[in-house]
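Here the working numbering is used: the first residue of the sequence shown is 37, the next is one more, and so on. No residue lacks a Cβ here, since even glycine has one placed at the ideal position from N, Cα and C. Quick caveat, the model's predicted, so the values are computed rather than measured. Just below is one structure, and these are the notes that go with it.
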Amino acid sequence: MEFNPIQYEELELLLADIYKQYGYDFSEYSKASLQRRIQRLFTLDKFPSFAEFRYRLQADPQYFRRFVEEITVNVTEMLRDPSFYRTLRTSILPVLATYPFIRIWHAGCATGEEVYSMAILLKEAGLLHKSLLYGTDINPLVIEKARKGIFPVSQMQKYSENYIQSGGVKDFSAYYTANYHLAKFDSSLGGG
């Protein structure tokens, strides 16, 4: 099979189809990045033509799900920017404490590490009981992982370091149970 890269016009057509068919708007994504990711999927799944790829996306919701899983970026880490979380602890949470109820939305939460990070900070500030955290992502597969609150135990050392740098004073391992290669976060922090 000869290699025919997806052209910019085809990409625009595909994005318009997806928006019309499924309501997903990828128009603000980096075109170069989208083009690379879509080309990768097109090649990986061995489509003989762009027309067949386009038809499959329109006609097969299951394949569209695969498409979303393959082209979305799922970068996340607990307490990823410790100085940001330190500022949250010292400057933002005291203000939020004055409110009767707190709602926080994590858009594009990927597998949920930031949501669990926020829950830990709220718990330590005595605010979790009056908080509702929302985590959403365009990719349903990663949302399911976030709900479970299970992460590779190999990440816990890095997350613990981030926790300490963010001003955490407890033992980070108090928030999860390790079992072989996985760490499950305490259900009191959220998830489902």
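Rounded distance between the beta-carbons of residue j and residue i, thought under 8 Å
i	j	result
leucine 129	tyrosine 121	With 8 Å as the limit, leucine 129 and tyrosine 121 do not qualify as a contact, their Cβ atoms being about 10 Å apart.
glycine 148	alanine 182	3 Å
threonine 123	alanine 146	Actually they do not touch by this definition, with Cβ atoms about 22 Å apart.
serine 69	leucine 51	Wrong, their Cβ atoms sit about 13 Å apart, outside the cutoff.
Unbroken beta strand (DSSP E) run spanning residue i, endpoints
i	result
tyrosine 199	Here tyrosine 199 belongs to no beta strand (DSSP E); instead the alpha helix (DSSP H) covers 192-201.
tyrosine 212	212-215
lysine 220	218-221
Extent of the continuous alpha helix (DSSP H) to which residue i belongs
i	result
serine 167	Run containing serine 167: none in the alpha helix (DSSP H); it sits in the beta strand (DSSP E), 167-172.
isoleucine 179	176-184
leucine 50	44-58
isoleucine 138	Looking at the DSSP string, isoleucine 138 is not in any alpha helix (DSSP H); the run it does join, the beta strand (DSSP E), is 138-143.
tyrosine 121	118-123
Cβ neighbours of residue i in the same chain (closer than 8 Å, five flanking residues each side left out)
i	result
serine 223	Gly185
serine 209	Met192 and Ser196
Other residues of its chain near residue i: CB distance less than 7 Å, five sequence neighbours each side excluded
i	result
glutamate 46	Phe86
glutamine 71	Ile42 and Leu47
Pick from the options that is closest to residue i, judged by C-alpha positions
i	options	result
asparagine 40	Tyr60, Gln57 and Ile74	Ile74
lysine 159	Tyr55, Asp61, Lys206 and Val109	Lys206
lysine 166	Cys145, Asp96, Phe187 and Ile138	Ile138
asparagine 198	Met154, Leu132 and Ala182	Met154
tyrosine 170	Gly162, Ile179 and Leu163	Ile179
leucine 164	Gly226, Leu77 and Tyr212	Gly226
Buried or exposed (CB count within 10 angstroms, at least 16 for buried), residue i
i	result
glutamate 150	buried
valine 131	exposed
serine 217	Before going on, a small fix: residue 217 reads as histidine here, not serine. Exposed is the call here.
alanine 219	buried
Beta-carbon proximity list for residue i, same chain, < 6 Å, skipping 5 on both sides
i	result
leucine 177	Glu105
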